[in-house]
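Chemist: Just dropping this structure here.
Numbering (full-length UniProt numbering), first residue to last: 1 to 190.
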């Protein structure tokens, strides 16, 4: 995403990169690109609820239009989810194989096609409305590592494409259906 926002036509900019732990490449890369960063560690707070409030406050300070989780393995709490639209990704074609072991679970089930999902996060685990999905074939001899690496390559591209389209075209949510693009005027053909 840091590479994509360098193109003015992409339509989005990154206002900050945050994490729940120090020492990750995403923070270092953002700092090298001149993007503000922050770390809000769960153990630095007396309760998980206190962390939920603290991270929501940190995010709010940057006034984002959209929060994008990429490799962020924590469920964000109500303070964040109620204040911002939050995008998340998952290495499976949801609603199949939710949770922390989507790739392993898909292999154990014997699927021949899996993939990745970009969704709006909600209070559940991988239960939010689906925005975009892309299939990834499972090859004979795949193990969890080889399959996950192929899925991650597709997932990164799908996330960057989806965020750019949402920024340029807007989006609407009706129930569980997310549509990218402005609603068409029913009085005009095309």
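Every residue, glycine too, gets a C-beta built ideally from N, C-alpha and C.
Cα separation between residue 179 and residue 169?
Modeler: Numbered from its first residue, the chain shown carries residue 179 at position 179. Numbered from its first residue, the chain shown carries residue 169 at position 169. Roughly 10 Å between the two C-alpha positions.
Chemist: Just to check my reading of the structure: residue 94 and residue 144 have Cβ atoms closer than 8 Å, yes? What is that Cβ distance to the nearest angstrom?
Modeler: For the purposes of this step, residue 94 is identified with residue 94 of the chain shown, where counting begins at 1. For the purposes of this step, residue 144 is identified with residue 144 of the chain shown, where counting begins at 1. In fact, because the Cβ distance is near 18 Å, the residues do not count as touching under 8 Å.
Chemist: In its own chain, which residues sit with a C-beta less than 7 Å from the C-beta of residue 150, not counting the 5 before and 5 after it?
Modeler: Walking along the chain shown from the start, residue 150 turns up at place 150. Excluding positions up to five away in sequence, the list reads 136.
Chemist: Could you check what DSSP says for residue 55 in three-state terms: helix, strand or coil?
Modeler: Position 55 of the chain shown, counted from the start, is the residue given in the question as residue 55. When secondary structure is reduced to three states using DSSP, residue 55 falls in the helix class.
Chemist: For a quick check, are the C-beta atoms of residue 75 and residue 125 less than 9 Å apart?
Modeler: As a position in the chain shown, residue 75 is number 75, starting the count at 1. As a position in the chain shown, residue 125 is number 125, starting the count at 1. A contact, by the Cβ cut-off of 9 Å.
Chemist: Which residue's Cα is closest to the Cα of residue 79: 58, 4, 129?
Modeler: Along the chain shown, read from residue 1 onward, the residue named residue 79 stands at position 79. Measuring from the Cα of residue 79, the nearest candidate turns out to be 58.
Chemist: With a cut-off of 8 Å on the beta carbons, I'd call residue 172 and residue 129 a contact; round off their distance for me.
Modeler: On the chain shown, position 172 is the one that residue 172 refers to. On the chain shown, position 129 is the one that residue 129 refers to. Wrong, their Cβ atoms sit about 11 Å apart, outside the cutoff.
Chemist: For a quick check, are the C-beta atoms of residue 103 and residue 148 less than 9 Å apart?
Modeler: As a working mapping, residue 103 is identified with position 103 in the chain shown. As a working mapping, residue 148 is identified with position 148 in the chain shown. Closer than 9 Å, so yes.
Chemist: Could you tell me which of 68, 167, 113, 109 sits nearest to residue 10, measuring between CA atoms?
Modeler: Walking along the chain shown from the start, residue 10 turns up at place 10. Of 68, 167, 113, 109, the residue nearest in Cα terms is 167.
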